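Below is one structure, written out as structure tokens, with a few remarks after it.
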Amino acid sequence: MKTLKLLFVLCALVAFTPNTQAQTAEEIVDNFFENTGGMDAWKKIKSMKATGTASFGPQKFPFIMYTMVDGRMAAEVDLQGSKFIPQAFDGEKQWAMNFQTMEAEAADSEASQNYKANEAKDFPDPFLDYKSKGYTISYEGKETIEGTEAFKVKLTKNPIMVDGKEEAHSVMYYFDTENYVPIVSEEKITSGPQKGMVQQTLYSEYLEAGDIFYPYTFDVKMGGQVVQSINMTEVEFNADIDESIFVMPEKATPAEGTKN
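Take any residue in the sequence shown, count from 1 to its spot, add 90: that is its number in my numbering.
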């Protein structure tokens, strides 16, 4: 499996000039797609099956992530041989399994609406055909982050609803100035106990996956501390997926004659 760095060494003379300064957000994004396989290869992606391990502190769980280009997704975690789905989207609503009851529960309508307006449009990449999604981008200068000089590109997404009120929504991406790939993104949390805090996602280990190069490692930081790590061992694009995985299971009904 070739690494992204090796690809750039081999293609440096034709792909880009290392000392070239960033001109516009559009050029940074264009370089990103060109250097990771080309726009045509990215546009051919219709589904993804990713296998790996998710870590929460000292705990590690094998997982499989299924994603479709129409926004449907489901994460399936192996809990000592039992299948558990901590997050899913069926195209209209988000849902997840309750860890204690192991029953599927739908998210509230606001959360589902926000997901459908934004995250459901982000596969295989939020910058792919971003204008058709209603997004805009802007170049915000350079900054050194995680010890690497990076171009800052602000992705302004569709507005979201927060406690019944519409709010602007954006994510800041940091593109490595050498390879033109995202290495960090920053986004403000709008709900839950961490509301108002900034969540960082670090992208690394860009490896060959089919016809493109894709980050195999994601680290999520809160307050400067890593709270979750995702390490993928296999990424299969345009995989055959049993689409029943996206459908929220109905709650089991008690057998006749049993007590609730």
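We put the beta carbon where it would ideally sit given N, CA and C, even for glycine.
All of these numbers come straight from a predicted model, not from anything done at the bench.
{"Check": "Unbroken alpha helix (DSSP H) run spanning Val-119, endpoints", "Outcome": "115–125"}
{"Check": "Where the alpha helix (DSSP H) containing Tyr-205 begins and where it ends", "Outcome": "199–207"}
{"Check": "Contacts around Ile-279, its chain only, beta-carbon distance under 6 angstroms, and the 5 residues preceding and following it disregarded", "Outcome": "Lys-285, Met-287, Gln-289"}
{"Check": "Start-end ranges of the alpha helix (DSSP H) lying completely within the segment 162–241, minimum 4 residues", "Outcome": "199–207"}
{"Check": "DSSP-derived helix/strand/coil call for Ala-112", "Outcome": "Any reading at Ala-112 must be qualified, since the residue scores a pLDDT of 44, below 50, and its modelled position is unreliable; the value itself is stated next. Three-state DSSP puts Ala-112 in coil, outside helix and strand."}
{"Check": "Continuous beta strand (DSSP E) assignments of at least 3 residues falling wholly in the segment 284–332", "Outcome": "288–299, 302–312, 315–327"}
{"Check": "Three-state class that DSSP yields for Ser-334 in the structure shown", "Outcome": "helix"}
{"Check": "Local conformation of Lys-133 per DSSP, three classes", "Outcome": "helix"}
{"Check": "Same chain, Cβ closer than 6 angstroms to Ile-135, neighbours up to 5 away in sequence not counted", "Outcome": "Pro-214, Phe-327"}
{"Check": "As assigned by DSSP and simplified to three states, the class of Val-271", "Outcome": "coil"}
{"Check": "Assigned secondary structure, Pro-152 (DSSP; H/G/I helix, E/B strand, else coil)", "Outcome": "strand"}
{"Check": "Spatial distance of Asn-188 from Met-312 (CA atoms)", "Outcome": "24 angstroms"}
{"Check": "Closer than 6 angstroms: Glu-200 CB and nearest the ligand SAH heavy atom", "Outcome": "Looking at this structure, you won't find the ligand SAH or any other ligand, since it has none at all."}
{"Check": "Which listed residue (Ala-240, Asn-269, Ile-227) has its alpha carbon closest to that of His-259", "Outcome": "Ile-227"}
{"Check": "Local conformation of Gly-142 per DSSP, three classes", "Outcome": "strand"}
{"Check": "Of the residues Gly-127, Lys-255, Leu-169, the one placed nearest Gln-190, counting alpha carbons only", "Outcome": "Leu-169"}
{"Check": "Bounding residues of the beta strand (DSSP E) (the contiguous stretch that carries Ile-250)", "Outcome": "250–252"}
{"Check": "Beta-carbon proximity list for Met-138, same chain, < 6 angstroms, skipping 5 on both sides", "Outcome": "Thr-157, Phe-327"}
{"Check": "Nearest-angstrom beta carbon gap, Glu-200 and Met-351 [assumed within contact, 8 angstroms]", "Outcome": "Residue 351 is absent from the structure shown; the chain starts at 91 and stops at 350."}
{"Check": "Residue from Ile-118, Glu-166, Val-119 with nearest C-alpha to Met-338", "Outcome": "Glu-166"}
{"Check": "Contact belief for Asn-321 with Gly-142 at Cβ below 8 angstroms, rounded distance in angstroms", "Outcome": "5 angstroms"}
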